[in-house]
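> One structure coming up, written as structure tokens, with questions to follow.
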Ligand code: SF4
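Protein chains in written order, with the numbering used here: chain A, 1 to 478; chain B, 479 to 670.
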């Protein structure tokens, strides 16, 4: 029988199969080799400290790169960091990297950025590799046909010391995306992934690696594919995968860490032949979704499965729960937290803030798309809107195109790169009760600031929302 | 046993981001469920279960589907552990959280929906004592005995407190063999 793409990448990284057979475990973990490791300041200090304490080395410092992103200020970088605890965490990472010989793109680097933005940007992310990071959105890198997943801090330490990880083999889940969205320029990959999570639920992918496939996917740029894979974790999956193709290979050319010329050609040949699911491969689960009539998606609740079409109204808890009492209770609580009444049209919802950023939607293409909506128009006087580029490179590329001027002229704040208000570890936070249209990936209670109310949308939806001061159907605009 | 009657409890709630700036592994207990436990004025919220004196100093947390979803932060496990929780019983767990539990010696037990419902019904009316045997993989509550599943490897890890890194390093020959001989594509070489 054929193999899935996931199985192929998995099998080619097994160092020890069922390593703990001696315990009589029928489903024992395997020891998996890790080709690429990304590190950031928040989930690594304890790993380095413990490594030092036990007198251990980093096995392959050259296979790891680090950046500071979660905790950094997005304001003027020449100013000193005011928060002393943040400062300490940033300095700790720099010190650890120096001590262990790991390359770091820190706050002073022109290549600093959100870990999942700079990995691909630097060509560090390659098809067919295994990639880990102490961060759940590592699934982003699956857009290249890499098996990429988030790990905890203890595992970060384990990977640093051994370049391997013990892992129970996940199941495989194929999501076929059929049809072509009408008004396709107004329907983005963010809408597709929100629709998928709406369908499968936040735990629909638990224990699986999702492969996304379909004509729509093949036509997407790498940026858009990354948005889809990025949010696989919001559907509970360990990882998301898209088979690499011409688009993928073209993206790699000329990037810092990507192999060059003949070496790359050779790899492309190998990847083309090997990195796709066989026609007769069997998936543990298959779902199909049709996107022909897909409308822009907006979340109304406090998890990424609480999603509605922009043309809809806020659902009642009963409607959402479909007879599941626990889900009903969850929706009641979500509506209370979000301060929403069932039956209110989504387009009636006013927002206080707009955030365009995060590893889901802060790449150059996202900013270009959003700028097209914004150009020549003004942000509503009731809204505070900001753009936080995913990396310094995205920022400077965007500035070369004059996007900073477009955004600033219309009333957006134009910031330095980082995670920013995706999780609000730095001063970029929502105040209690503030409502925000956000291009990030999590609308959990308090995620963007205690008491803050988050609605997840695509960059163009966020942009249009900033101008009007409430949600609008961006299809009417484009 | 603390009944936290909610599904989809995410790690952002278990330990909010403002406490992720620390660089040590302990001292997170006071921050467990911080924004749920305390109001904007820093006062305990009366309606949150952890503030109910009836459930003080309990070691078991009972909850529902998909516990620990969202962020990979192991701080969530550290916070539960530091607070004094030793066992979390739920109908299902998010993958990364489930994995993280074992690194700190926290036992995650998943039971069927009906078993979870049964225990919730008991706890809602009374403070219950549960007897848990990891060795036998059983929970006894008010005379009812339930079995739970756990992989032998993970069970061994909890019972014996294995140094996982030390164990993997002892397999160095096999890692070397992979690096030098058996891998199909050597992706390391592009980074040296
Ligand atoms: S942008 Fe948000 S989701 Fe992405 S790595 Fe940063 S905090 Fe995590």
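We put the beta carbon where it would ideally sit given N, CA and C, even for glycine.
Everything numeric in this text was worked out from a predicted model, so none of it was measured.
#1: Within the same chain, show all residues whose beta-carbon is closer than 6 Å to that of residue 301 of chain A, passing over the 5 residues directly before and after it, in chain order.
#2: Does the CB of residue 62 of chain A have a neighbour CB from chain B at under 8 Å?
#3: What I want to know is whether the C-beta of residue 436 of chain A ends up closer than 7 Å to one or more non-hydrogen atoms of the ligand SF4.
#4: Cβ atoms of residue 291 of chain A and residue 299 of chain A: under 8 Å apart, would you say?
#5: CB of residue 666 of chain B to nearest heavy atom of the ligand SF4: below 7 Å?
#6: Which of helix, strand or coil does DSSP assign to residue 244 of chain A?
#7: Mapping DSSP to helix, strand and coil, what is residue 366 of chain A?
#8: With distances taken between CB atoms, is the gap from residue 114 of chain A to residue 436 of chain A smaller than 8 Å?
#9: Got a sec: which bits of the region 487 to 516 of chain B sit with their beta carbon under 9 Å from any beta carbon on chain A, in order along the chain?
#10: So does the region 327 to 343 of chain A actually touch the region 351 to 367 of chain A, counting three or more Cβ pairs closer than 8 Å?
#11: Would you list, in sequence order, the uninterrupted beta strand (DSSP E) runs of no fewer than 3 residues that lie entirely inside the region 181 to 242 of chain A?
#12: Between the Cα of residue 215 of chain A and the Cα atoms of A:268, A:243, A:397, A:387, which residue gives the shortest distance?
#13: Let me see if you follow: with CB-CB separation under 8 Å, is residue 567 of chain B close to chain A or not?
#14: Taking 7 Å as the cut-off, is the CB of residue 440 of chain A close to at least one heavy atom of the ligand SF4?
#15: Is there at least one Cβ from chain B nearer than 8 Å to residue 45 of chain A's Cβ?
#16: Measure the alpha-carbon distance for residue 192 of chain A versus residue 143 of chain A and round it to whole angstroms.
#17: By how many angstroms is the C-alpha of residue 349 of chain A removed from the C-alpha of residue 375 of chain A?
#18: Please decide whether residue 330 of chain A counts as near chain B, where near means a Cβ-Cβ distance under 8 Å.
#19: Which residue marks the beginning of the alpha helix (DSSP H) containing residue 468 of chain A, and which one marks its end?
#20: Would you check if the distance between the CB atom of residue 60 of chain A and the CB atom of residue 224 of chain A is smaller than 8 Å?
#21: In or out: residue 240 of chain A buried (at least 16 other Cβ within 10 Å) or exposed?
#22: Any beta-carbon of chain A closer than 8 Å to the one on residue 627 of chain B?
#23: Do residue 397 of chain A and residue 346 of chain A come within 8 Å of each other at the CB atom, strictly closer than that value?
#24: Compute every distance between the C-beta of residue 115 of chain A and the non-hydrogen atoms of the ligand SF4, then say whether any falls below 7 Å.
#25: Is any beta-carbon of chain B found at less than 8 Å from that of residue 371 of chain A?
#26: Checking 8 Å against the spacing of the C-beta atoms, do residue 548 of chain B and residue 483 of chain B come in under that value?
#27: Kindly say whether residue 105 of chain A, judged by its beta-carbon, lies nearer than 8 Å to any beta-carbon of chain B.
#28: Per DSSP, which one or two residues make a beta bridge with residue 178 of chain A?
#29: Which first and last residues belong to the beta strand (DSSP E) in which residue 586 of chain B is found?
#30: Just checking my contact of residue 62 of chain A with residue 669 of chain B at CB under 8 Å: how many whole Å lie between their CB atoms?
#31: Evaluate residue 219 of chain A with the Cβ neighbour count: other Cβ atoms within 10 Å of its Cβ, from every protein chain shown; 16 or more gives buried, anything less gives exposed.
#32: Please say whether residue 34 of chain A and residue 165 of chain A have beta carbons closer to each other than 8 Å?
#33: Helix, strand or coil for residue 337 of chain A per DSSP?
#34: May I have the straight-line CA-CA distance separating residue 64 of chain A from residue 181 of chain A, to the nearest angstrom?
#35: Using a Cβ-based criterion (distance less than 7 Å to any ligand heavy atom), does residue 660 of chain B qualify as near the ligand SF4?
#36: Just the Cα atoms here: how many angstroms apart are residue 520 of chain B and residue 429 of chain A?
Taking the geometry as given:
#1: One-based indexing of the first chain puts residue 301 of chain A at position 301. Cβ within range, chain order: 334.
#2: Residue numbering aside, residue 62 of chain A sits at position 62 when the first chain is read from its first letter. By this cut-off, residue 62 of chain A is an interface position.
#3: Counting from one through the first chain, the residue named residue 436 of chain A turns up at place 436. No, Cβ of residue 436 of chain A sits at least 7 Å from all heavy atoms of the ligand SF4.
#4: Mapped onto the first chain, residue 299 of chain A falls at position 299. Mapped onto the first chain, residue 291 of chain A falls at position 291. No. Outside cutoff.
#5: The residue labelled residue 666 of chain B in the question sits at position 188 within the second chain. It does not: the Cβ of residue 666 of chain B is nowhere closer than 7 Å to a heavy atom of the ligand SF4.
#6: What you label residue 244 of chain A is simply residue 244 of the first chain in a count that begins at 1. Residue 244 of chain A: coil per DSSP, three-state reduction.
#7: In the first chain, counting from the first residue as 1, residue 366 of chain A sits at position 366. In this structure, residue 366 of chain A counts as helix in the three-state DSSP scheme.
#8: Within the first chain, numbered from 1, the residue matching residue 114 of chain A stands at position 114. Within the first chain, numbered from 1, the residue matching residue 436 of chain A stands at position 436. Against a cut-off of 8 Å, the Cβ pair of residue 436 of chain A and residue 114 of chain A comes out as no contact.
#9: 488, 489, 490, 491, 494, 495, 496, 498, 499, 500, 501, 502, 503, 512, 513, 514
#10: no
#11: 208 to 213, 239 to 241
#12: Within the first chain, residue 215 of chain A is the residue found at index 215, counting from 1. Here the closest residue by C-alpha is A:243.
#13: Within the second chain, the letter at position 89 stands for residue 567 of chain B. Chain A, which has no Cβ nearer than 8 Å to the Cβ of residue 567 of chain B, makes this no.
#14: One-based indexing of the first chain puts residue 440 of chain A at position 440. Yes - the ligand SF4 has a heavy atom lying nearer than 7 Å to the Cβ of residue 440 of chain A.
#15: Within the first chain, numbered from 1, the residue matching residue 45 of chain A stands at position 45. Answer yes: the Cβ-Cβ gap between residue 45 of chain A and chain B drops below 8 Å somewhere.
#16: On the first chain, residue 192 of chain A is found 192 positions in, with the first residue counted as 1. On the first chain, residue 143 of chain A is found 143 positions in, with the first residue counted as 1. Roughly 15 Å separates the two Cα atoms.
#17: Within the first chain, residue 375 of chain A is the residue found at index 375, counting from 1. Within the first chain, residue 349 of chain A is the residue found at index 349, counting from 1. Cα-Cα distance, rounded: 23 Å.
#18: Indexing the first chain from 1 puts residue 330 of chain A at position 330. Residue 330 of chain A counts as touching chain B.
#19: Start at 1 with the first residue of the first chain, and residue 468 of chain A comes out as number 468. 459 to 468 is the span of the alpha helix (DSSP H), which, as asked, contains residue 468 of chain A.
#20: For the purposes of this step, residue 60 of chain A is identified with residue 60 of the first chain, where counting begins at 1. For the purposes of this step, residue 224 of chain A is identified with residue 224 of the first chain, where counting begins at 1. No; because the gap between Cβ atoms is not below 8 Å, this pair is not in contact.
#21: As a working mapping, residue 240 of chain A is identified with position 240 in the first chain. So residue 240 of chain A counts as buried.
#22: Position 149 of the second chain, counted from the first residue, corresponds to residue 627 of chain B. No, residue 627 of chain B does not count as interfacial toward chain A.
#23: The residue given as residue 346 of chain A occupies position 346 in the first chain. The residue given as residue 397 of chain A occupies position 397 in the first chain. Cβ atoms of residue 346 of chain A and residue 397 of chain A: not closer than 8 Å.
#24: Reading the first chain from its first residue, position 115 is the one you call residue 115 of chain A. Result yes, Cβ under 7 Å from the ligand SF4.
#25: If you number the first chain from 1, residue 371 of chain A lands on position 371. Not one chain B Cβ lies under 8 Å of residue 371 of chain A.
#26: Locating residue 548 of chain B in the second chain gives position 70, counting from the first residue. Locating residue 483 of chain B in the second chain gives position 5, counting from the first residue. In this structure, residue 483 of chain B does not lie closer than 8 Å to residue 548 of chain B by Cβ.
#27: Translated into positions along the first chain, residue 105 of chain A becomes position 105. Cβ-Cβ to chain B under 8 Å: no for residue 105 of chain A.
#28: Sequence index remark: in the first chain, residue 178 of chain A carries index 178 (1-based). The partner list for residue 178 of chain A (beta bridge, DSSP) reads A:290.
#29: Residue mapping note: residue 586 of chain B aligns to position 108 of the second chain, counting from 1. Start and end: 585 to 588.
#30: In the first chain, residue 62 of chain A corresponds to position 62, counting from 1. In the second chain, residue 669 of chain B corresponds to position 191, counting from 1. Yes, they are in contact, since the Cβ atoms of residue 62 of chain A and residue 669 of chain B sit about 5 Å apart, within 8 Å.
#31: By 1-based counting over the first chain, the position of residue 219 of chain A is 219. With fewer than 16 Cβ atoms within 10 Å of its Cβ, residue 219 of chain A is classed as exposed.
#32: Here residue 165 of chain A refers to the residue found at position 165 when the first chain is read from its first residue. Here residue 34 of chain A refers to the residue found at position 34 when the first chain is read from its first residue. Yes. Within cutoff.
#33: Mapped onto the first chain, residue 337 of chain A falls at position 337. If DSSP states are grouped into helix, strand and coil, residue 337 of chain A belongs with the helices.
#34: Mapped onto the first chain, residue 64 of chain A falls at position 64. Mapped onto the first chain, residue 181 of chain A falls at position 181. One C-alpha to the other measures close to 39 Å.
#35: The count along the second chain starts at 1 and reaches residue 660 of chain B at position 182. Flag unset: Cβ of residue 660 of chain B not near the ligand SF4.
#36: In the second chain, counting from the first residue as 1, residue 520 of chain B sits at position 42. In the first chain, counting from the first residue as 1, residue 429 of chain A sits at position 429. Looking at the two C-alpha atoms, the distance is approximately 18 Å.
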